[in-house]
Amino acid sequence: MNEQTVAALEEALEDEYKARATYNKVIEAFGPIRPFINIVEAEDRHASALLRQFERLGLQPPKDEWPGRVEAPSSIAAACEAAIAAEIENAEMYDRLLAVVDDPSVRDVLLNLQDASKNRHLPAFQRCLERSQK
Numbered sequence: 026m027n028e029q030t031v032a033a034l035e036e037a038l039e040d041e042y043k044a045r046a047t048y049n050k051v052i053e054a055f056g057p058i059r060p061f062i063n064i065v066e067a068e069d070r071h072a073s074a075l076l077r078q079f080e081r082l083g084l085q086p087p088k089d090e091w092p093g094r095v096e097a098p099s100s101i102a103a104a105c106e107a108a109i110a111a112e113i114e115n116a117e118m119y120d121r122l123l124a125v126v127d128d129p130s131v132r133d134v135l136l137n138l139q140d141a142s143k144n145r146h147l148p149a150f151q152r153c154l155e156r157s158q159k
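Written as structure tokens, this is what we have:
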């Protein structure tokens, strides 16, 4: 197994864990607001997709140590702004990881997760910010 692929899977999973913990913290602070309630479920599915790749490759995934390590933003607008920045960074991370991964199944998962980040999560958080500023 290519070490770069393993490192890419680990980095992607850590990023999904962090996003899930962050969005859960927003929900904890501000209630079940959209799009956080929808996207936190998506982050769960993303982590599961990555965990299936660890299982397929016979690898031990990193544990999710993010809950309790993140703090809620000061407002819904701040939460949306932070989520926008995180989704942009996430898409860029996938560009970087895809450049070093050669396993076709792992590439497919990373491409799907990147697509969700860029084309679904980012626009949802941008709308969230617009709504919070009205």
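If you're matching positions, the sequence shown starts at 26 in this note's numbering and goes up one per residue. Just so it is clear, CB atoms sit at the ideal spot from N, CA and C, and this is done for glycine as well.
Exposure label - residue i; buried when at least 16 CB within 10 Å
i: E68; result: buried
i: P162; result: Outside the displayed span of the chain (26 to 159) sits residue 162, for which this structure offers no information.
i: V125; result: exposed
i: L136; result: exposed
i: A44; result: buried
i: D40; result: buried
i: K50; result: buried
i: P57; result: exposed
i: Q158; result: exposed
i: A110; result: exposed
i: A141; result: buried
i: E112; result: buried
i: A104; result: buried
i: A33; result: buried
Proximal residues to residue i (C-beta, below 6 Å), its chain only, five neighbours per side dropped
i: P92; result: A46
i: V131; result: T30, Q78
7 Å Cβ shell around residue i - same chain, five flanking residues per side excluded
i: I64; result: Y48, H146, A149
i: Y42; result: A72, D89, W91
Cβ shell of residue i (< 8 Å), same chain only, five flanking positions each side left out
i: Q139; result: N115, A116, Y119, D120, L123
i: E96; result: K50
i: I62; result: I52
i: R152; result: P60
Handout entry: Cβ pair count under 8 Å reaching 3, the region 80–95 against the region 143–152
Key = No, the region 80–95 is not in contact with the region 143–152.
Handout entry: Every unbroken alpha helix (DSSP H) within the region 51–90, with a cutoff of 4 residues, ordered by chain
Key = Counting whole runs of 4 or more residues, the region 51–90 contains the alpha helix (DSSP H) stretches 61–81.
Problem - Segments of 4+ residues assigned as alpha helix (DSSP H) that fall wholly inside the region 99–130 - result: Within the region 99–130, complete alpha helix (DSSP H) segments of at least 4 residues are found at 101–123, given in chain order.
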